[in-house]
Amino acid sequence: MEIFLEKRAVKHIRLSAEEAIEEGETDTLREDIAGVFSDEQIEEIERRIDSGDFHDFLAEILDEWSVEDVDELMELLEGQLADAGIDLKYTAQDLDDEDDEDDEEDEEDEEDDDVLEDDAFSTIDEEEL
Numbered sequence: 000m001e002i003f004l005e006k007r008a009v010k011h012i013r014l015s016a017e018e019a020i021e022e023g024e025t026d027t028l029r030e031d032i033a034g035v036f037s038d039e040q041i042e043e044i045e046r047r048i049d050s051g052d053f054h055d056f057l058a059e060i061l062d063e064w065s066v067e068d069v070d071e072l073m074e075l076l077e078g079q080l081a082d083a084g085i086d087l088k089y090t091a092q093d094l095d096d097e098d099d100e101d102d103e104e105d106e107e108d109e110e111d112d113d114v115l116e117d118d119a120f121s122t123i124d125e126e127e128l
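The sequence shown begins at 0 in numbering that gives the first Met the number 0 and counts up one residue at a time.
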């Protein structure tokens, strides 16, 4: 079985893990990790893991984690899921969406710049008169 996580979900986990490193507290991180999976995905994971409980599964991963390295956490999560026969994959679709949003923002900025430039020329023309 494959589970696809969107880039935003991965980013959310990474940010939460960084906060956990700073605070030394992993409860919020466990909730944040659980939150990126759908109910159907959690049910499938629970069917495949020995404990049968997703939150216990996450607790075991966080207990193994050194609380020092975000990449280590991601590797542990991927490894434990792989042991349960689940491949964790990452989608690039959201990255494309973010690029589109950035392009739109750039276009808006350019339009704003054009307006500012037009105003600047208008002001200069008015002052010269």
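Glycine included, every Cβ here is placed at the ideal spot set by N, Cα and C.
(1) Between which two residues does the alpha helix (DSSP H) carrying residue 42 extend?
(2) Note the first and the last residue of the continuous beta strand (DSSP E) segment covering residue 1.
(3) Can you look up residue 86 in the DSSP assignment and give me helix, strand or coil?
(4) Measure the C-alpha to C-alpha separation of residue 40 and residue 59 and round it to an integer number of angstroms.
(5) Select from 48, 33 and 63 the residue whose C-alpha is nearest the C-alpha of residue 4.
(6) Pick out whichever of 15, 7, 81 and 14 has its Cα sitting closest to the Cα of residue 56.
(7) Counting only the same chain and skipping the five closest in sequence on each side, list residues whose C-beta sits under 6 Å from that of residue 0.
(8) Report the option in 64, 29 and 2 whose CA atom is closest to the CA atom of residue 15.
(9) Go ahead and pull the three-state DSSP assignment for residue 62.
(10) Report the three-state DSSP secondary structure of residue 30 (helix, strand or coil).
(11) Am I right that residue 87 and residue 74 are in contact with their C-beta atoms under 8 Å? What's the rounded C-beta distance?
(12) Go through its chain and collect everything with a Cβ distance to residue 47's Cβ below 6 Å, but skip five positions before and after it.
On the basis of the coordinates in this document:
(1) Translated into positions along the sequence shown, residue 42 becomes position 43. 38 to 47 is the extent of the alpha helix (DSSP H) around residue 42.
(2) Here residue 1 refers to the residue found at position 2 when the sequence shown is read from its first residue. Its beta strand (DSSP E) spans residues 1 to 4.
(3) Within the sequence shown, residue 86 is the residue found at index 87, counting from 1. Residue state, collapsed to three classes: strand.
(4) Indexing the sequence shown from 1 puts residue 40 at position 41. Indexing the sequence shown from 1 puts residue 59 at position 60. Distance between the alpha carbons of residue 40 and residue 59 is about 18 Å.
(5) Here the question's residue 4 lines up with position 5 in the sequence shown. Looking at the Cα atoms, 33 is the closest of the given residues.
(6) Against the sequence shown, residue 56 aligns to sequence position 57. That would be 81, whose Cα lies nearest to the Cα of residue 56.
(7) Position 1 of the sequence shown, counting from 1, holds the residue named residue 0. Excluding residues within five positions, the ones whose Cβ falls inside 6 Å are 85.
(8) Taking the first residue of the sequence shown as position 1, residue 15 is located at position 16. If we check each option's Cα against that of residue 15, 29 comes out closest.
(9) Working through the sequence shown from its first residue, we reach residue 62 at position 63. DSSP places residue 62 in helix when its eight states are reduced to three.
(10) Residue numbering aside, residue 30 sits at position 31 when the sequence shown is read from its first letter. Residue 30 falls in the helix class under three-state DSSP.
(11) The residue labelled residue 87 in the question sits at position 88 within the sequence shown. The residue labelled residue 74 in the question sits at position 75 within the sequence shown. 10 Å between Cβ atoms; not a contact.
(12) Position 48 of the sequence shown, counted from the first residue, corresponds to residue 47. 83 and 84, listed in sequence order.
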